[in-house]
Structures are given as structure tokens and as C-alpha cells.
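Engineer: Protein chains in written order, with the numbering used here: chain A, 3 to 156; chain B, 3 to 156; chain C, 3 to 156.
Even glycine gets a Cβ: it sits at the ideal position worked out from N, Cα and C.
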Amino acid sequence: MTAKTPEERIADLGLTLPPPARAVANYVPWVITGNLVMTSGNLPWRDGKLAYVGKIGREISGEDGYKSCQLSCVNAVAQIKQAVGELSKVKRIVRLEGVLGVDDAFKEHPKCLDGASDLINNAFGREGPPRPHDLHQPGDAARLHVARGPVRGD
Amino acid sequence: MTAKTPEERIADLGLTLPPPARAVANYVPWVITGNLVMTSGNLPWRDGKLAYVGKIGREISGEDGYKSCQLSCVNAVAQIKQAVGELSKVKRIVRLEGVLGVDDAFKEHPKCLDGASDLINNAFGREGPPRPHDLHQPGDAARLHVARGPVRGD
Amino acid sequence: MTAKTPEERIADLGLTLPPPARAVANYVPWVITGNLVMTSGNLPWRDGKLAYVGKIGREISGEDGYKSCQLSCVNAVAQIKQAVGELSKVKRIVRLEGVLGVDDAFKEHPKCLDGASDLINNAFGREGPPRPHDLHQPGDAARLHVARGPVRGD
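1. Whole-angstrom Cβ separation of C:Val86 and C:Val79, contact assumed at under 8 Å?
2. How many angstroms separate the CA atom of C:Gly43 from the CA atom of A:Gln84?
3. Going straight from the alpha carbon of B:Gly36 to that of C:Asn37, what length do you get?
4. In the DSSP assignment, find the alpha helix (DSSP H) that holds B:Val86 and state where it starts and stops.
5. Taking only the alpha-carbon atoms, compute the straight-line gap between B:Asn124 and C:Lys51 and give it to the nearest angstrom.
6. In terms of alpha-carbon separation, which member of B:Tyr29, B:Leu19, B:Glu9 lies closest to C:Gly117?
7. For the candidate residues C:Ala107, C:Gly127, C:Thr18, C:Gln72, whose alpha-carbon lies nearest to that of C:Cys114?
8. Along the chain, where does the alpha helix (DSSP H) containing B:Leu115 start, and where does it finish?
9. Opposite B:Leu17 in the DSSP bridges: which residues?
10. When the Cα atoms are used, what is the spatial distance from A:Ala5 to A:Leu15?
11. Could you name the residues that DSSP lists as bridge partners for B:Arg48?
12. Which residue wins for smallest C-alpha separation from A:Arg94, given the options A:Pro21, A:Met40, A:Tyr68?
13. Find the nearest neighbour of C:Ile62 within the set C:Leu17, C:Leu121, C:Asp105, judged by alpha-carbon distance.
14. How far does the beta strand (DSSP E) with B:Leu38 in it extend, from its first residue to its last?
15. How would you call C:Arg48, buried or exposed, if buried means at least 16 neighbouring beta carbons within 10 angstroms?
16. Excluding the five sequence neighbours on either side, which residues of its own chain have a C-beta within less than 6 Å of the C-beta of C:Pro20, listed in chain order?
17. Does A:Pro112 get closer than 9 Å to chain C when you measure Cβ to Cβ?
18. Rounded to the nearest angstrom, what separates C:Glu99 and C:Lys69 at their Cα positions?
19. Below 7 Å CB to CB, which residues in the same chain sit around C:Val107 once its five sequence neighbours on both sides are set aside?
20. Just the Cα atoms here: how many angstroms apart are A:Glu9 and C:Pro31?
21. Which first and last residues belong to the beta strand (DSSP E) in which B:Val33 is found?
22. I'd like the list of long-range same chain contacts for C:Glu110, defined as Cβ closer than 6 Å, with 5 residues on each side in sequence excluded.
23. Ignore the nearest five residues each way along the sequence and tell me which others in C:Ile12's own chain have a CB closer than 6 Å to its CB.
24. Quick one: residues in its chain with C-beta nearer than 7 Å to the C-beta of A:Leu17, no 5 flanking neighbours on either side, listed in chain order?
25. DSSP has C:Ile58 in a bridge; who is on the other side?
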């Protein structure tokens, strides 16, 4: 039996890698430098629309916050796939950054960001990437995530 | 005809690379590691003073927010020049981070950060760097940007 | 006379490297990629408890904010030591990120983050790492820091 590819493991979760989202301003979605893929921020795009809008803990639930982070990460993984061709070329994801729009009283944003970590763990293996910060911020800011990984051979 | 240098393209925009700003606390402005230049945060310094103070969408306009990001980026590019000597040694800018102080109701901060992206695009060519996050934050925080690029040969 | 190790210099400051803190969610504390150690966010843990809780400038003083950043950085250095074995293998710290929970009226967060910079300067030599941003954010967010450094030979 052959080990499943990351693409197959993502499909097993019932998730689909979308075409990479277009940038919302004047920047490219990813760059390869050395053995690293640097991705841009990713929002919870589904079929060209933001699937989750509003603040976690106010307009949307913590559970939907988890799903929103998962979906943003799916979009990030789609960028990485576009960058490297096949996800099996990714040796590991080395950094995950999250910025969450949460109500001031909401304290469970690390659990929401697990939506992204769990997806990465499932797709690429059991070692989730370090998370330098789980930011939350004012305004109706969308959930936004960055994931990046060295191409195999790093 | 010889292609213009990044320095010449910046001058064509009517912009001047200042002497790199002094750190506002106990840190160095840049470090080279491997083929990467890591810069510190940069504020919209002009002639030793912050040219834009206040929140975008409240005390200052979105248009000035764009200019503030452009000016912060000019300061970041000055750091990179100090690090590598000539900007033509920079192969590309691989990451741009922005933190903007905006009014909660202001939603156009990605367009403001284009002030930095557009400068980079103009100076270094037509491929803007990925932007992991366009943060906005409370308080009277200054606009702050990070740009970094691998030295040619990366 | 032999130069002191970073561990000895940290002990000279009266500080102790703790066992690395467990992640508060589904992620690993550090990853080595190429010559870089990427660490996760670090909170001001002491003996398994957060030593500083609340907003700087409101519940806790600016002086304690400095100490909180120092302690968070001690925890980050403990992660790096776990990653590389002996801190003398670290060539330099190349990036320090700070996220501080501060009162909106508090403007001295760069000075607070010096608690981390000063520790790094003392432990690893006199060149503090670049600081891309000194974020502050709403809510009762804990102080959180990231430090990372290339392994010697970078």
C-alpha cells in the first residue's frame, strides 16, 4: 500500500483545494526563496465569497471560528500547491501565523487557530508547525492565515 | 541603454532614500542571515520627524495612509541599501508586513499598504512581495512596515 | 580565561532557563529549517503559571511589562536551547517579534520589549535582533514573543 498524498488526505477530510484566491491588492500570492515558500495572507474564501464574516464570539461562534481558520488554511495550502506543483514536495510547514477578528471577551482564539493546525497535521503528518502568534484585532477584520513550508530537500 | 538601478527608479518617483532611521529602542535595524536581509519595523520618517501621525480614517485620510506606507517603505529600502550596498544586489523582496493604525470603521487598509507594494514593484520590478497580513490595531500606533529581500544569488 | 556561555550569562542575570513550556494548542514549540530555528509564541511562564496577567499601563506597570517581556524571552531561549542543545551553537538571533497587551493610552511598549532585546543582547552578545513590530492589541491578551536564530555555521 502506498502512503496517501497530502492532496488525498485533504480530500478524505471532505475538503477541496480551490483555485488560489486572487490577491485583494497589489501583491503576489507566493514567492519561493531558497527552500522556503512564502505565502500571502489567506481569507476563508469559498466559491469566490468569504464564507465567514464578522467577529468570532459575537457574530460567529467559536466552532465556526475553527472552521474559518480551517478554510483559510485550505486556501493557503492551495497557494503552496500552486507554488510547488505537488504537495508531496513540501517537507514540512515551518510557520503558521493567524490573525483573528474576535470579540474582546472571547479567549478561545488559540482553539480556533487549531482549525488550521489540525488541517496541516492531517495533510502533512503529525507535527504541527510553530505558531508565533494568535493575534486578535479590532474592527471587522477577516480571519487571515499564513502557512509556508520548505520544499523537500531543505 | 542600460536598465535603471532601483535607486534611479526611486528617484524617478520623486522620492529620496534617507539615511536609515535610528532604532527607537535596543535593537539593530537589519541583519543578514543566509541570503536574507531581515529588517526592523519602519515608520514614516522624513527629516527626522514622523510625517504622518494619527489613525487612518480619522486624523489622516486614506490617501495619506497610502503615502505613509510608501514613506515607511522608503525607510525600509534605505535599511536594505545600508545592508547590501547597492540595491541592484537585491534579487527580490520576499515578504512585506504592515501594521496600520486605523479607525475601526476604516476598511481600506489593504489599499493603503499598496503604497509600500507599489514602491517595491516600481523599484525592483513588477512582482510585488507576498503580504502575510495587513494588521490594524488600536491606539495611536504608528504605521510600520517590514520589507526584506534575498541578496542576489539566492 | 574562557568566554562565558550564553547559559552562564543568563544565570549571571539571576535568571533560570525553565523546561520549555507546553504548547497551549495543537502545535510544536520549534522547528529547524535550514540554518534557522523557528520558535512558537512564548508567554511569561514561571513555574507553570503566567507571572504577569493583564494590560500593561492598566493592571500592570510599564516596569513589569519590561520584566514580562524578559521572562517571555527566557521561555523562548529555553525553546531554542531544546532545539540546538547548547546555546553557544546559536550564531545570532535574527528576529524578535513582540505582541503586547497594553492600555490604549500606553505608549512605552517599545521600552517594554527591550526586556527581551536586553536579555538577548546580554546572553548572545551586543547586537540585538531586528524587531519588525511591537504590536499591541485589545483584550486581555498575554504578552507573547518570538525569537529565533540560525545555528552556528549559517
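Structural biologist: Judging by the given coordinates:
1. So it is not a contact: roughly 11 Å between Cβ atoms.
2. 29 Å
3. 8 Å
4. 64-86
5. 50 Å
6. B:Tyr29
7. C:Gln72
8. 111-126
9. B:Leu17 pairs with nothing; no bridge assigned.
10. 16 Å
11. B:Lys51
12. A:Met40
13. C:Asp105
14. 38-41
15. exposed
16. Ala80
17. yes
18. 16 Å
19. With the sequence shown as reference, residue 107 of chain C is identified as Ala, and Val is not the correct amino acid for it. Closer than 7 Å at the Cβ level, and outside the excluded window around C:Ala107, lie Gly59.
20. 26 Å
21. 32-35
22. Gly64
23. Ala125
24. Val76
25. C:Ile62, C:Val104
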